[in-house]
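Chains A and B, in that order, give the protein sequences.
Reading the first sequence from the start, the letters are residues 50 to 459 in the working numbering.
Reading the second sequence from the start, the letters are residues 50 to 459 in the working numbering.
What follows is one structure encoded as structure tokens, with my remarks underneath.
Protein chains: 2
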Amino acid sequence: MANTEELEQKVGEMSVAEGEQEDIVDPWTVVSASAKGIDYDKLINRFGSSKIDDELIKRIERVTGKPVHHLLRRGIFFSHRDMHFILDQYEQKKPFYLYTGRGPSSEAMHLGHLVPFIFTKWLQDTFDVPLVVQMTDDEKFLWKDLTLDEANRLAHENAKDIIACGFDIKKTLIFSDLEYMGQVPEFYRNICQISKLVTFNQVRGIFGFGDSDSIGKIAFPPVQAAPSFSSTFPHIFNNRKDLPCLIPCAIDQDPYFRMTRDVAPRMDCLKPALVHSTFFPALQGAQSKMSASDPTSSIFLTDTNEEIKTKINKYAFSGGGATLEEHKGKGGNCEIDVSYQYLTFFMEDDTKLEKIRKDYTSGELLTGDLKKELITVLQKLVSEHREKRAQVTDEIVKQYMTPRKLAFDY
Amino acid sequence: MANTEELEQKVGEMSVAEGEQEDIVDPWTVVSASAKGIDYDKLINRFGSSKIDDELIKRIERVTGKPVHHLLRRGIFFSHRDMHFILDQYEQKKPFYLYTGRGPSSEAMHLGHLVPFIFTKWLQDTFDVPLVVQMTDDEKFLWKDLTLDEANRLAHENAKDIIACGFDIKKTLIFSDLEYMGQVPEFYRNICQISKLVTFNQVRGIFGFGDSDSIGKIAFPPVQAAPSFSSTFPHIFNNRKDLPCLIPCAIDQDPYFRMTRDVAPRMDCLKPALVHSTFFPALQGAQSKMSASDPTSSIFLTDTNEEIKTKINKYAFSGGGATLEEHKGKGGNCEIDVSYQYLTFFMEDDTKLEKIRKDYTSGELLTGDLKKELITVLQKLVSEHREKRAQVTDEIVKQYMTPRKLAFDY
Chain A
50 MANTEELEQK
60 VGEMSVAEGE
70 QEDIVDPWTV
80 VSASAKGIDY
90 DKLINRFGSS
100 KIDDELIKRI
110 ERVTGKPVHH
120 LLRRGIFFSH
130 RDMHFILDQY
140 EQKKPFYLYT
150 GRGPSSEAMH
160 LGHLVPFIFT
170 KWLQDTFDVP
180 LVVQMTDDEK
190 FLWKDLTLDE
200 ANRLAHENAK
210 DIIACGFDIK
220 KTLIFSDLEY
230 MGQVPEFYRN
240 ICQISKLVTF
250 NQVRGIFGFG
260 DSDSIGKIAF
270 PPVQAAPSFS
280 STFPHIFNNR
290 KDLPCLIPCA
300 IDQDPYFRMT
310 RDVAPRMDCL
320 KPALVHSTFF
330 PALQGAQSKM
340 SASDPTSSIF
350 LTDTNEEIKT
360 KINKYAFSGG
370 GATLEEHKGK
380 GGNCEIDVSY
390 QYLTFFMEDD
400 TKLEKIRKDY
410 TSGELLTGDL
420 KKELITVLQK
430 LVSEHREKRA
440 QVTDEIVKQY
450 MTPRKLAFDY
Chain B
50 MANTEELEQK
60 VGEMSVAEGE
70 QEDIVDPWTV
80 VSASAKGIDY
90 DKLINRFGSS
100 KIDDELIKRI
110 ERVTGKPVHH
120 LLRRGIFFSH
130 RDMHFILDQY
140 EQKKPFYLYT
150 GRGPSSEAMH
160 LGHLVPFIFT
170 KWLQDTFDVP
180 LVVQMTDDEK
190 FLWKDLTLDE
200 ANRLAHENAK
210 DIIACGFDIK
220 KTLIFSDLEY
230 MGQVPEFYRN
240 ICQISKLVTF
250 NQVRGIFGFG
260 DSDSIGKIAF
270 PPVQAAPSFS
280 STFPHIFNNR
290 KDLPCLIPCA
300 IDQDPYFRMT
310 RDVAPRMDCL
320 KPALVHSTFF
330 PALQGAQSKM
340 SASDPTSSIF
350 LTDTNEEIKT
360 KINKYAFSGG
370 GATLEEHKGK
380 GGNCEIDVSY
390 QYLTFFMEDD
400 TKLEKIRKDY
410 TSGELLTGDL
420 KKELITVLQK
430 LVSEHREKRA
440 QVTDEIVKQY
450 MTPRKLAFDY
């Protein structure tokens, strides 16, 4: 995360360049220029991705024969690149694989961190494909005040949370960069190939690196790019370098994959496809994403039922009326109400959610009642997660993190 | 190797900065500003290293109880950093290790490439210490128009020439970056640690990298730096990170190790010590070092006796008189005579070399006679090398290149 001075500078540069303030979205900074939060349509235009429209959603349902996940249906995964190509593959019974990741910067993951994994699990179950999960402990070492050992330890701790999401061990590899680099030569070989094709000018443009940034940071983007190419995983893909990759991630990670897609053809590789999610809002509102470093901004996966209740009641920004009379008269605003937003991420029942939206908007449902619904949903989600995580032993983590053949033949 | 335009620009910049033209010496460029060749005393001042003086040479002879190698006695290894510290260690019977390397850019190595290895073998035999030899196949991939496989193949070919120099297999590890990175996690861990401490500004200053250089090049210096730290070789040094390192290399490699010495204390590591050699001159004269890409500038280790004879007679720049009369009258100039210079590298007999110097300087010995002496020395050297190299099988290369414990206990 950039410090305040850097942020102000970035905002300043944006203002000068664009004549008006723009949202700042890169892998280290998400700051909205407006109180309404990030303008995702503008972001699609700026990044050059495509909106996930009804036609695409219908096609996914048609080719899989299943309803899509509510995160897709509700526009939380809202943008994509080359998703139609992945569906073409699937229709032709040709293989592809999923790649997602996590930067292990803190022991306790929060609800926002769970979102891509919940969706990735649905993708894996629905399409029956292999999944690789990159733990960028090297990145966290390079960006944060962490030792290598501590970053690597956090990778293992976070892997437990990821495993607790229910990924099939026969179909999933989780790997730490610091470990995998010393295990599988193809990783470094692909990093070399990517690094040869990208200039400092380009990473400055894409990531905003400056002259006083460490060469460790400058060298990192190819590390996150390399798993987009199936040759990085010779154990899984039998040295094939032609398997398409689909990357579910939050939109702030897109710069890495714009770079990857730019170099792919020059490496005789396929461009990875992507599905992008919006950000999970902080309890205080949608202007920024949750931060693991501010405990009052997030619900952690380690929070007790009591902590969840207190945080939601105390901090969750309300879109309700200022007084009971006002709320009853004018109704609540679901667009900015954080509790309602959270329900769109985690309440699976569409009918129930729609009733809540209607009743809250009309003023019939009070903020306290809405928060109570959310507290119930989150207490269940978090306590179930906690139970599953408690069963993940170090030995199980080791199995997931061992480079090996998975249950697919290539 | 930089192109002419880049060279002119570099020379131009030097001129503006210094008020007069200076030699250009960095890992990719060695160009002398004067016909006399590189001014090594100036280089010592500029790089901040120390001259190898009589006192140091006497101390080496005292602590080892042996005469020093002629490459040291004759000022070919002329500069050092912290050599006294290494001798302190040796006197106290504390361990250290040797690190040198080779960039495998061509199949055939030339005589100049042999010099650091001849000297390194003497160091290993004299001090009885482990040696690690880095083959920077990744560097050659990043800088040249080579594939990864071709760069790696050249690393194995060149390893045969290095092994033919007679290094003890029980005391020597040769490693390719592209292979070792995928075998030993400590290599990447140390690269991360170094990369975190060096900014783009710094590598621009040290290596002259620019905005349009690839991030592969920018990321490379820590790869060459990492073997300076014993923790990069856990098999050899039993995970100890406190073993001092002595690096014999040509002076153009010093920028890598200035950078390494700068970051070492911040990593709680020892600064590597160095001994620097002058460059082996091209047949055409001392203005530049030999180039593997210009066959007429070099004697290759694959050249036949006949080719050696022809090249010396045809191309070796002579410091003799223009005519027989002039030579007999004024004598020859050993300072600029390439054949004489080559003899200082490869003729072991001091008495004989001194007689040649005297007789050539007085005009008694003719250029043809001098060249004949050199041809005899080189034909013997190269044919013996060829025979030894022919005995180095792929299996032997594999043994040298396997990360393993060596014949030392730590």
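Glycine included, each C-beta is placed from N, C-alpha and C at the ideal position.
- Listed along chain A are Leu227, Glu228, Met230, Gly231 and Gln232, each with a C-beta nearer than 8 Å to that of proline 234/B.
- Between isoleucine 135/A and the set Ser347/A, Thr410/A, Asn382/A and Leu295/A, the nearest pair of CA atoms involves Leu295/A.
- Taking a 10 Å sphere around the C-beta of glutamine 390/A, we find 16 or more other C-beta atoms and assign the residue as buried.
- Of the residues assessed, lysine 107/B falls on the exposed side of the cut-off, its CB having fewer than 16 other CB atoms within 10 angstroms.
- Taking 8 Å as the cut-off, the beta carbon of leucine 222/A is found no closer than this to the beta carbon of tyrosine 459/A.
- Neighbours of aspartate 260/A in chain B, taken as residues at a C-beta separation under 8 Å, are given in chain order as Thr248, Phe249, Asn250 and Arg253.
- Apart from sequence neighbours up to five positions away, the residues of its chain that approach methionine 230/A with a beta-carbon distance below 7 Å are Phe236 and Tyr237, ordered along the chain.
- Around the CB of alanine 439/B, fewer than 16 other CB atoms lie within 10 Å, so the residue is classed as exposed.
- A straight line joining the alpha-carbon of leucine 415/B with that of glycine 369/B spans about 7 Å.
- Residue-level contact check: glutamine 242/A touches chain B, since one or more beta carbons of chain B fall below 8 Å from its beta carbon.
- Contact annotation: in the region 146–163 of chain B, no residue has its CB less than 8 Å from a CB in chain A.
- Using beta-carbon distances, serine 280/A does not count as an interface residue toward chain B, since no partner is under 8 Å.
- The beta carbon of aspartate 311/A does not come within 8 Å of any beta carbon belonging to chain B, so the residue lies off that interface.
- If the five residues before and after aspartate 198/B are omitted, its C-beta is found closer than 7 Å to no C-beta atom of its own chain.
- Beyond the five residues adjoining it in sequence on each side, lysine 454/A comes within less than 6 Å, by CB distance, of His284 in the same chain, given in chain order.
- Residue state for methionine 158/A is assigned as coil, using DSSP reduced to three classes.
- For the region 174–198 of chain A, residues whose beta-carbon sits nearer than 7 Å to a beta-carbon of chain B comprise Asp187, Phe190, Leu191 and Leu197.
- Nearest CB-CB separation between isoleucine 93/A and chain B: not below the 8 Å threshold.
- For isoleucine 264/B, at least one C-beta of chain A is nearer than 8 Å to its own C-beta.
- Residues of the region 267–297 of chain A whose Cβ lies closer than 8 Å to any Cβ of chain B, in chain order: Ile267, Ala268, Pro270 and Pro271.
- Inside the region 289–361 of chain B, DSSP marks whole beta strand (DSSP E) runs of 3 or more residues at positions 294–299, 322–326 and 334–338, from first to last along the chain.
- In the structure shown, threonine 149/A adopts extended strand secondary structure according to DSSP, grouped into three states.
- For arginine 130/A, the enclosing beta strand (DSSP E) covers residues 126–130.
- Not flagged as an interface residue toward chain B: arginine 202/A, since no C-beta distance is shorter than 8 Å.
- DSSP places phenylalanine 224/A within a strand segment (E or B) once states are collapsed to three.
- Inclusion of valine 272/A and aspartate 226/A in the CB contact set at 8 Å is warranted, their separation being smaller than that value.
- Comparing alpha-carbon positions, the option among Phe366/A, Leu195/A, Asp174/A and Asn207/A lying closest to glutamate 384/A turns out to be Phe366/A.
- In the three-state scheme derived from DSSP, where H, G and I count as helix and E and B as strand, isoleucine 73/A is classed as strand.
- Look at serine 277/A here: in three-state DSSP terms it is helix.
- The Cβ atoms of proline 76/A and aspartate 399/A lie no closer than 8 Å to each other.
- Taking C-alpha positions only, glutamate 436/B is separated from leucine 350/B by approximately 11 Å.
- Neighbours of lysine 245/B in chain A, taken as residues whose beta carbon is under 8 Å from its own, are Phe190, Leu191, Ser263 and Gly265 in chain order.
- Looking at the DSSP output, valine 79/B bridges to Val74/B.
- In the three-state scheme derived from DSSP, where H, G and I count as helix and E and B as strand, serine 388/A is classed as helix.
- At a beta-carbon threshold of 9 Å, none of the residues of chain B lie near tyrosine 305/A; the nearest stands roughly 13 Å away.
- Cβ-Cβ separation between leucine 120/B and isoleucine 167/B: approximately 7 Å, consistent with a contact (criterion under 8 Å).
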